[in-house]
Structures are given as C-alpha cells and as structure tokens.
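Notes for the one structure printed next.
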Amino acid sequence: MDEFAEALRTAITNRGLGLERLREHLSQNGVSVSLATLSYWQTGRSRPERTKSLQAVVHLEHILKVPPGHLSELLGPPRSRGRRLRRAPAPLSSFWPSPRPVEHALHDLDTQWDDQLVRVSQQDFVTVGADRTERGFRSRQVLSASMNGPDRWVVIMHVDERDRPLPQVRALKNCMVGRVVTDEPEGLLVAELVFERPLLHGESVVIEHELVNQAPGPLATSYERKFRLPAREYVLEVTFEGDVPASVLQLADGSAVDPGRTLLDVALDVQPGVRGFRWTW
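In the working numbering, each residue carries its 1-based index in the sequence shown increased by 173.
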C-alpha cells in the first residue's frame, strides 16, 4: 500500500475538496499541477519526486489543513528509475542566449513531465518564402512515456527580429493548444500542446503542430532545433520557394553544405545540443 497516496486521499476526503478545486487553490499559490497529476498522486499511480512537485506537497498540506510534514514525510527518498540514476538534464532554459526571460515565461506552465517523455522521433519541416522570409514550420513528434502521467509537450520559440509579429501556434494532430505565454520585446513564445489524455508508462503518442508567421515574416537566415534530452531520430527539411542561399553551414559540426532548393539533415541517436542550418543570401 502506498502510504502517501492513502494519506493524500484521506486528507482530500476529510477536507471535502474536489480535485479541480484543489488545483485552483494550488494555482492561487503560484503552483501549477494538472488534474491528471493530482489523480495519479492520490491513487498511487505516480508520486511527487521532482523539486516543483515536492514544493506542491508542502502547499497541499496547508490547503488540506494537515500538520506540516504529514504528507511529505511519507515520500521518503526518490525512487531510482532503472538500474542507475541518470545525470540530471539541463534546465529547459539552458540552451537560450538569455535564459532569464525563458524561465519567466515557463513559470506559469506545467513543465514537470518534460523529463518523462522519451524523444523517439523529431521531424521539422521549414518553409522559406520567395521573399526570403520564414513562412512557418510544421513539427511532428513521436513521444513515449517513461512513467504514468505525461499529458503535454512544451514548445519554446524565439525570433531574432523583435519588430516582427510572433507566430501563431496551431495544433494539427492528437493535441490541442493549452496555455500560451508571449514576450514580444524578447521575441519569445512558449506554448503547451496538451495530449488528448495522459499517457501510461510505455505508451506512445504522435503529435503534430505548426507555427505560422504573420506578415511581414522574419528574414530567414537559420533554423535551430535545441535538444535538451537525447532523441533516437531527427529529420529536418528546409525548403526554399525562391532564391537558393549563397552558402550553408551545418550547425551540428560546423561543416559547409552545398546550397540547394532543399536542405536535409537526418540523424540517429542525437545527443543534447543544437542541430540545424545557418545560411547567407
């Protein structure tokens, strides 16, 4: 029997609060926890282990009017996932030139599941218009859950030309757009893509979305995909509808690439870092 789940379930019953109301109370305290997560915690399907989740438990103790430590002391040490603990991944903001605005934008979004989504396949399709501006891009992810509960994917988009409108986010397959945070002075857009339902351990999902630029779009001189966690497969296709670039550089190794109507990057077992292309006209 999971003592934490039983104690949490009892405290919720005694307090007479539904999970939606409990989530609202947490939100009012600046803590973002999804309904699925609360449900999994009280049934024992998963438990709080990450720093933000443990902080949420402290708030739960206050909201449910139980003594301090009544719930958190039942958690014990974090459980090992697999034969050995992996090195903690870098923060979501770590690959950006100015991490602070990214951290601020992510503050109100639910990012707790990002580490629990295995990147099976990542495919990006970028279209550059005849006017040399980036019209937008379509992205397809195949994700697998390493535990019960993941229910969203967080997209971070940054544009260098701050005088241009930020792109619009559109969900295309097996997801819907959740909360969106924009910071136009920083050229930053962060959005949640919420799955149709939370994933179970070992379950996979294929999601697709697109970012469409509003006119006038930004001048296209590069495309970067930042990998915070490893990916088994990556495919990038950049299509030029008009002029072909004068020169092209591959970001993964700094090598020159012959310019053409289409640039293609295919990689397996991708490690954390940056892939993509940079070009000049």
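A virtual CB, placed ideally from N, CA and C, is assigned to each residue, including glycine.
Check: Going by the DSSP bridge assignment, what does HIS382 pair with across the sheet?; Outcome: SER312, ALA344
Check: Is the distance from the Cβ of ARG451 to the Cβ of SER395 below 7 Å?; Outcome: yes
Check: For VAL301, which residues from the same chain have a beta carbon less than 8 Å from its beta carbon, with the 5 sequence-adjacent residues on both sides left out?; Outcome: GLU307, ARG308, ALA393, VAL411, THR412, PHE413, GLU414, GLY415
Check: What's the call for ARG325, buried or exposed, on a 16-neighbour Cβ count within 10 Å?; Outcome: buried
Check: Keeping to the same chain, check which residues put their C-beta closer than 8 Å to that of PHE368; ignore five residues upstream and five downstream.; Outcome: PRO323, ASP324, ARG325, TRP326, ASN347, CYS348, VAL378, ILE380
Check: Please report the straight-line C-alpha distance between THR186 and LEU244, rounded to a whole angstrom.; Outcome: 14 Å
Check: Does the beta-carbon of VAL439 have 16 or more other beta-carbons within 10 angstroms, so that it is buried, or is it exposed?; Outcome: exposed
Check: Taking only the alpha-carbon atoms, compute the straight-line gap between ASP283 and LEU190 and give it to the nearest angstrom.; Outcome: 22 Å
Check: Give the DSSP-derived three-state secondary structure of VAL367 in the structure shown.; Outcome: strand
Check: Please report the distance separating the alpha-carbon of ARG352 from that of THR453.; Outcome: 35 Å
Check: Give the straight-line distance between the Cα atoms of LEU258 and ASP442, rounded to the nearest whole angstrom.; Outcome: Its pLDDT being 43, under 50, LEU258 is placed unreliably in this model, and the coordinates cannot settle the point.
Check: Curious, which full-length beta strand (DSSP E) runs of at least 3 residues does the region 422-454 contain?; Outcome: 435-443, 446-453
Check: How far does the alpha helix (DSSP H) with TRP214 in it reach, from first residue to last?; Outcome: 208-216
Check: To which residues of the same chain is ALA178 closer than 8 Å at the C-beta, ignoring the five residues directly before and after it?; Outcome: TRP214, GLN215, THR216, GLY217, ARG220
Check: If I measure Cβ to Cβ from HIS277 and keep anything under 6 Å in the same chain, skipping five residues before and after, which residues do I get?; Outcome: none
Check: Going by DSSP in three states, ARG257 sits in which element: helix, strand or coil?; Outcome: Note on ARG257: pLDDT 42, under 50, position unreliable in the model; the coordinate value appears next. Coil.
Check: Look up LYS238 in the DSSP assignment and say whether it is helix, strand or coil.; Outcome: coil
Check: When we look at the beta-carbon of GLU365 and count the other beta-carbons within 10 Å, is it buried (16 or more) or exposed?; Outcome: buried
Check: Using a Cβ-Cβ cutoff of less than 7 Å, which residues in the same chain neighbour SER253 once the five nearest sequence positions on both sides are dropped?; Outcome: In this prediction, SER253 scores a pLDDT of 47, lower than 50, which makes its location untrustworthy; no coordinate-derived value is stated.
Check: Run the CB neighbour count on THR183, radius 10 Å, all protein chains shown included, and call it buried at 16 or more, exposed below.; Outcome: exposed
Check: So what's VAL301 in DSSP terms, helix, strand or just coil?; Outcome: strand
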